[in-house]
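Structure first, commentary second.
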Amino acid sequence: MFEYEVKVKVEDLDKIRNRLKILGAKKLCIKREVDIYFQHPCRDFKKTDEALRLRFEKEKSIFTYKGPKISKEIKAREEINIRVGKKNSEKLISILEKLGFYKVAEVKKTRETYRLREYEINLDHVENLGDFIEIELKTPSESLESATEKLKLCLVKLGIRATPILKSYLELLLEKQKR
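For the sequence shown, the numbering used here assigns the number 2 to the initial residue and increments by one for each residue that follows.
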């Protein structure tokens with residue numbers, strides 16, 4: 002499965018909520034997410050542009066591998082997810098640590114998720130970073146060019162003119178911590 006995404010830092014989430022309502026988007030949920038990112042013991046994920054993440058939500062945990070980005074205009078990359086029961090999350094962390102993986106950082110956010118046609122739209126408040134909108138298309142067959150055009154069109158329909166951010170929340174957080 003490939004994930005195509007645009008992310009933009011925003012000042013006014015209420016304005017976007019109102020626009021989503023006008024466009025007929027369906028609000029799916031509001032949830033708290035805590036993402037723990039891991040570093041490989043022998044391969045620098047920053048250099049290979051990969052990510053290994055364990056996401057904690059209220060009722061579940063999801064273990065995710067993200068491959069290298071394949072676009073300079075939008076975030077596009079392979080994504081492999083495995084649901085991990087809450088009870089098994091700590092065991093998974095223990096296994097990873099025994100194999101030499103180590104925790105890089107935690108990203109904590111409150112996420113409001115909407116569905117608008119084929120788009121999943123997330124309004125995120127990320128601790129120590131601020132407010133963002135992420136618009137995603139997840140598909141096994143969409144071409145990069147087609148996905149890029151669709152995501153740009155969705156931004157326009159939402160009245161967002163800013164240039165998308167290609168960095169992940171992890172990258173943004175680590176950059177901020179270096180300052």
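We treat Cβ as the ideally placed atom computed from N, Cα and C, and that holds for glycine. None of the values given here were measured: they were computed from a predicted structure.
Going by C-alpha positions, lysine 48 is about 11 Å away from histidine 41. The way I'd put it, the region 27–39 does touch the region 102–110; three or more beta-carbon pairs between them come closer than 8 Å. Aspartate 15 sits exposed, since fewer than 16 C-beta atoms from the chains shown fall within 10 Å of its C-beta. Setting aside the 5 residues that flank it on each side, cysteine 155 is surrounded in the same chain by Tyr120 and Ile136, each with a C-beta closer than 6 Å to its C-beta; the list follows chain order. The region 70–80 and the region 89–101 do not touch, with fewer than 3 CB-CB distances between them shorter than 8 Å. Linking histidine 126 to leucine 97 through their CA atoms gives a straight-line distance of about 29 Å.
Per DSSP, the beta-bridge partners of cysteine 30 are Thr114. At the C-beta level, isoleucine 23 and leucine 124 stay beyond 8 Å of one another. Under the criterion of beta carbons closer than 8 Å, arginine 20 and glycine 160 qualify as touching, at roughly 6 Å. Nearest Cα to tyrosine 66 within the set Phe102, Arg54, Ser72 and Lys59: Arg54.
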